[in-house]
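Peer 1:
Number of protein chains: 2
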Amino acid sequence: MALVYAHPYPDRSRANRALLEAVRDLPGLDVRPLFDLYPDYDLDVAAEQRALVAAHTVVWQHPLHWYSVPGLLKLWFDQVLARGFAYGGGRALAGKRCLWVVTTGGELDAYGPSGMHGHPFAEFEPPIRQTARFCGMEWLEPIVVHGAHHVSDTELARTGERYRARLAALEAEGGARP
Amino acid sequence: MALVYAHPYPDRSRANRALLEAVRDLPGLDVRPLFDLYPDYDLDVAAEQRALVAAHTVVWQHPLHWYSVPGLLKLWFDQVLARGFAYGGGRALAGKRCLWVVTTGGELDAYGPSGMHGHPFAEFEPPIRQTARFCGMEWLEPIVVHGAHHVSDTELARTGERYRARLAALEAEGGARP
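In order, the protein sequences belong to chains A and B. Just so you know, the first sequence maps onto residues 1157 to 1334 in this note's numbering. Just so you know, the second sequence maps onto residues 1157 to 1334 in this note's numbering.
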């Protein structure tokens, strides 16, 4: 499994860090902390593609920034999910599973026609989900943590356990897949 | 007016270049070609913010990459539309207008439940539109060019004229606004 982790300020993260800590020692997990690996935005595309090829499941974990992935993860989409590799002749990711793990600063009720974010959260999902699907990946039910700045430690621990259990189950299944 | 232009390979662009050429000599237009200005992704946030403050209209022009803005423009969102400047205490962009000018590789009929992109094009718009609205900007009707690789020169010229007329009208109105 490849876990692509994109938090611009890992030290200031609470929710993302807690979630990452809940899973990072799982066997078979290759954590790719993009902001540590590429502080100058100079992605090693070949290394990232190798990590994906070796994985049966791809996790994208990040805080939501401007209703999308942080800029560095968007660069990763643009450069790593390249024509000839992920689509347009290449099918390197086809049949793999994709799990989106995202934290938001806003409360759930901020997402809605009358909330400050103007849309239900689900209406911000299509670009991310369709990116995975266009590459032939199976889109799994995402893990979404709202109100990341003040969700309780208990709630965060519970979500971390659920995250760990899901990855462990995917790893157990993974070997059985082509 | 500030025109934030984000094409990763300006030399390989046909549609975006034609659209840019159609407007770039308009009086009052400050073109910010992000990939020329920041080839190393090292944004001058203060300069970008000054350009926005001076503008009554902000244009985001780019090809659609993975159903969103190119990575460098996403970085620009993350860094330039900063807390304290664009929201969260700052309201530097409130009342300005925002025009999205976007080209896609896919045909219109590729956007739909049965098309290769799985969704009507409009379902990829919320993250971009809401970014503008969260900053208090007025979202104008976007200019969308589908099938950018093989739209005819005539059609492209017509869209360029329409683009130019809209910016000229916005500039004429602009002085009348606070």
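From the three backbone atoms N, C-alpha and C, an ideal C-beta is built for every residue, glycine too.
1) Can you say whether residue 1313 of chain B is buried or exposed, counting buried as having 16 or more other CB atoms within 10 angstroms of its CB?
2) Would you list the one or two residues that DSSP bridges to residue 1216 of chain A?
3) Between residue 1158 of chain A and chain B, is there a C-beta pair that is closer than 8 Å?
4) Does the stretch 1224-1243 of chain B come close enough to the stretch 1236-1245 of chain A that 3 or more CB-CB pairs lie under 8 Å?
5) Using three-state DSSP, classify residue 1297 of chain B as helix, strand or coil.
6) With C-beta atoms as the reference, is residue 1185 of chain B less than 8 Å away from residue 1159 of chain B?
7) Measure from the C-beta of residue 1222 of chain B to each C-beta in chain A and report whether the shortest distance is under 8 Å.
8) In three-state terms, what does DSSP make of residue 1239 of chain A?
9) Using 8 Å for Cβ pairs, my map puts residue 1157 of chain B next to residue 1212 of chain B. What's the rounded Cβ distance?
10) To which residues does DSSP link residue 1186 of chain B through a beta bridge?
11) Rounded to a whole number of angstroms, what is the C-alpha to C-alpha distance between residue 1262 of chain B and residue 1279 of chain B?
12) What did DSSP end up calling residue 1330 of chain A once you bin it into helix, strand or coil?
13) Give me, in chain order, the residues of the same chain whose beta-carbon lies closer than 6 Å to that of residue 1318 of chain A; leave out the 5 immediate sequence neighbours on both sides.
14) By how many angstroms is the C-alpha of residue 1202 of chain B removed from the C-alpha of residue 1165 of chain A?
15) Output the distance between the C-alpha atoms of residue 1274 of chain B and residue 1221 of chain A, rounded to the nearest integer angstrom.
16) Using a Cβ-Cβ distance cut-off of 8 Å, determine whether residue 1334 of chain B contacts chain A.
17) Alpha carbon to alpha carbon, what distance is there between residue 1281 of chain A and residue 1180 of chain A?
18) Helix, strand or coil, according to DSSP, for residue 1249 of chain B in the structure here?
19) Quick one: residues in its chain with C-beta nearer than 7 Å to the C-beta of residue 1191 of chain A, no 5 flanking neighbours on either side, listed in chain order?
20) For residue 1287 of chain B, return the contacting residues in chain A, with the cut-off set at a CB-CB distance below 9 Å.
21) Within 10 Å of its beta-carbon, does residue 1174 of chain A have 16 or more other beta-carbons around it, so buried, or fewer, so exposed?
22) Please report whether the beta-carbon of residue 1282 of chain A lies at a distance below 8 Å from any beta-carbon of chain B.
23) Bridge partners of residue 1224 of chain B, per DSSP?
24) Report the neighbours of residue 1230 of chain B on chain A: residues whose CB is nearer than 7 Å to its CB, in chain order.
25) Looking at chain A, which residues of the stretch 1232-1254 of chain B have a Cβ within less than 9 Å of any of its Cβ atoms?
26) How many whole angstroms separate the CB atoms of residue 1292 of chain A and residue 1251 of chain A, which I take to be in contact at a CB cut-off of 8 Å?
27) Using C-beta distances below 7 Å, list every residue in its chain close to residue 1267 of chain B, excluding the 5 sequence neighbours before and after it, in chain order.
Peer 2: Quick look at the numbers:
1) exposed
2) The partner list for residue 1216 of chain A (beta bridge, DSSP) reads A:1160 and A:1256.
3) Taking Cβ atoms only, chain B never reaches closer than 8 Å to residue 1158 of chain A, which makes this a no.
4) no
5) coil
6) yes
7) yes
8) In the structure shown, residue 1239 of chain A sits in a strand (DSSP, three-state: E or B).
9) 7 Å
10) B:1158
11) 15 Å
12) helix
13) none
14) 20 Å
15) 24 Å
16) Bear in mind that a pLDDT of 49 at residue 1334 of chain B, under 50, signals an unreliable position, so the model cannot answer this.
17) Taking the Cα positions, residue 1180 of chain A is about 25 Å away from residue 1281 of chain A.
18) coil
19) Excluding residues within five positions, the ones whose Cβ falls inside 7 Å are 1162, 1163, 1164, 1166 and 1228.
20) 1222, 1223 and 1224
21) Classification for residue 1174 of chain A: buried.
22) yes
23) B:1221
24) 1224, 1227 and 1230
25) 1232, 1233, 1234, 1235 and 1237
26) 7 Å
27) 1273, 1275, 1276 and 1277
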